[in-house]
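Q: Just passing along the structure, written as structure tokens.
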Amino acid sequence: MAPDARRAPGVPGHWAPRPERSAGLRLLLRWALNAVALMLIPELVSGLTVNSYTAALVGALLLGLANALIRPLLILITLPITLLTLGLFALVINGITFWMVSALVGGLAVAGFWSAFWAALIYSVLTTLVDGALADERRR
């Protein structure tokens, strides 16, 4: 057995991956699957084009960064209207974030706000499914 491997409890000789390595692989897999999800959305939403898998990879990366860094600031700034609409304005923020990212990625084009809105909504659903499928066993 490799020195960095661990034995599963109660199973002699069974190899279990180190959590920190599997987390990195899970992140790369999530990024690739989110890019695939981004490539599928133009089939469902008119007004959205993704020219290549490279554009989808860059778009998925920037969407992840925007959702982690910019979206919380937008939600904080628009908190009063988000509260008045019982959180529905957060969907508009998702559309704005998607639209901003599409302006930065050359091979990702959005025709208008409503295309960005519906694309962001579908992308959110698909990435939630990906995250659920790749969830760490300890969190289940």
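Taking my numbering, the leading residue of the sequence shown gets 111, the next gets one more, and so forth. Idealized CB from N, CA, C, for every residue including glycine.
What's the C-alpha gap between residue 148 and residue 190?
A: 31 Å
Q: Please give me, in chain order, every unbroken run of the beta strand (DSSP E) with length at least 3 that falls completely inside the region 150 to 207.
A: Complete beta strand (DSSP E) runs here, min 3: 158 to 160.
Q: CB-CB under 7 Å to residue 226, same chain, minus the five flanking residues each way: which ones, in chain order?
A: Excluding sequence neighbours, residue 226 sits near 205, 208, 209, 212 and 220.
Q: Ignore the nearest five residues each way along the sequence and tell me which others in residue 215's own chain have a CB closer than 8 Å to its CB.
A: Within the same chain, Cβ atoms closer than 8 Å to the Cβ of residue 215 are found at 165, 168, 169 and 172, the five residues on either side in sequence being excluded.
Q: Can you tell me the Cα-Cα spacing of residue 252 and residue 217, whole angstroms?
A: In the structure displayed, the chain extends from 111 to 250; residue 252 sits before or after that span and is not available.
Q: Nearest-angstrom Cα distance between residue 155 and residue 228?
A: 7 Å
Q: Leaving out five residues before and five after residue 235 in sequence, what residues of the same chain have Cβ atoms less than 8 Å from its Cβ?
A: none
Q: With DSSP run on the structure shown, which of helix, strand or coil describes residue 219?
A: strand
Q: Look up residue 244 in the DSSP assignment and say whether it is helix, strand or coil.
A: Coil.
Q: To the nearest angstrom, report how far apart residue 238 and residue 231 are at their CA atoms.
A: 11 Å
Q: Between residue 192 and residue 185, which are expected to be in contact by the criterion C-beta below 8 Å, what is the C-beta distance as a whole number of angstroms?
A: 6 Å
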